[in-house]
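> Mind having a look at this structure? Questions to follow.
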Amino acid sequence: MSVAIFLNVNQVDPIVDGSLFRTIVGKLPYLSFTRPDIAFTIIKLSQFMHCPQGNQWKAIKRLLRYFNQTSSFGLQITRETNNRIMVYSDSDWAGDPTDRTSTIEYVIYIGSTPVSLSFKKQRFVSRSYTEAEYRVVVVALAETNWITNILRELHFYLSCIHHILCDNIRTTYICENPVFHSKMKHIAIDFHFVRDQVVNKEVEVKHLHVVDQVADVQTKPLASASFSRMFDNLGIVDVNTNLRGPKRDIT
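So in numbering that gives the first Met the number 0, the last spot in the sequence shown is 250, and the numbers never skip.
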């Protein structure tokens with residue numbers, strides 16, 4: 000979604016055909032299973048199903064044009080020896096101008112292949128950016144544990160410590176600090192859930208520069224250059240080109 004398009008339920012634009020809008024938006028989530036680059040726009044548009052307006056209609060037409068131009072793109076799953084789980088987590092603290100809830104998002108990789116992606120609004124308001132980011136780490140860690148348990152049942156064991164990468168340095172300090180701060184009492188259960196696994200060397204929470212944050216593509220609109228970089232990092236490729244393989248010289 001363009002950084003110039005701002006979607007807000009309080010905007011007053013001419014009402015568009017609600018039935019057509021809901022039909023289109025209702026089908027789009029199926030595309031996001033293999034196209035995480037459009038998930039952010041789809042979730043945003045889904046918030047206006049009850050009363051779509053002109054600005055949202057412009058956004059959906061822009062999305063359809065973009066998808067038409069990139070319809071041959073999708074996720075590529077490759078065979079590799081690296082079985083480390085790497086998680087990118089992010090949050091747009093108080094990003095919703097209506098109720099000031101945060102949007103949380105994470106991308107879980109096994110090796111270089113994304114295997115789990117999640118993008119959702121929190122049901123409560125986080126009182127600080129650090130708290131919002133910490134809650135994403137908790138949710139992402141729970142999903143990582145579930146994936147690890149499934150793999151163990153399939154007799155596939157991960158030999159490396161899991162890494163969770165977030166772009167908030169204070170969040171990493173909280174995960175590493177064995178002393179529980181009094182200002183974090185309202186998230187005490189989450190604190191101990193993460194802390195126990197850090198102490199047991201099952202997971203390591205590391206700081207990541209915001210420029211390298213892959214999860215940004217699903218929490219906020221990005222400029223063209225940033226979007227293109229994240230597009231590649233998500234593992235999205237032109238499927239037709241990869242199926243054809245490299246060109247061979249037949250002369």
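Built from N, CA and C at the ideal position, the CB exists for glycine as well.
Would you kindly report the start and end of the unbroken alpha helix (DSSP H) that includes Ser70?
It is not in any alpha helix (DSSP H) - Ser70 carries neither H nor E in the DSSP assignment.
> Which of the three DSSP states, helix, strand or coil, is assigned to Gly234?
Of the three classes helix, strand and coil, the one that applies to Gly234 here is coil, per DSSP.
> Do Tyr105 and Ser88 come within 7 Å of each other at the CB atom, strictly closer than that value?
Result yes, Cβ atoms of Ser88 and Tyr105 sit closer than 7 Å.
> Whether or not the stretch 196-209 and the stretch 157-164 are in contact is what I'm after, with contact meaning three or more pairs of Cβ atoms, one per stretch, closer than 8 Å; do they touch?
yes
> Could you spell out the range, first to last residue, of the alpha helix (DSSP H) harbouring Val138?
Tyr128 to Glu152
> Grouping DSSP H, G and I as helix and E and B as strand, with all else coil, what is Thr170?
Correct three-state label for Thr170: helix.
> Leaving aside the five residues before and after Leu27 along the sequence, list all residues of the same chain whose C-beta is less than 6 Å from its C-beta, in chain order.
Here the set comprises Ile41.
> Quick one: give me the first and last residue of the beta strand (DSSP E) that Ile84 is part of.
Ile84 to Asp91
> Would you decide whether Lys246 is buried or exposed? Buried here means 16 or more other CB atoms lie within 10 Å of its CB.
At Lys246, the pLDDT of 44 sits below 50, so the modelled position is not reliable; the number obtained from the coordinates is stated separately. Exposed is the call here.
> With a threshold of 6 Å on Cβ separation, who are the neighbours of Gly17 within its own chain once the five nearest residues in sequence on each side are excluded?
Pro51
> Among all the DSSP beta bridges, which residues are the ones paired with Val202?
His161
> Rounded to the nearest angstrom, what separates Val136 and Thr170 at their Cα positions?
Thr170 has its alpha-carbon roughly 9 Å from the corresponding atom of Val136.
> Let me confirm a value: Leu153 is counted as buried when at least 16 other C-beta atoms fall within 10 Å, else exposed. Which label applies?
exposed
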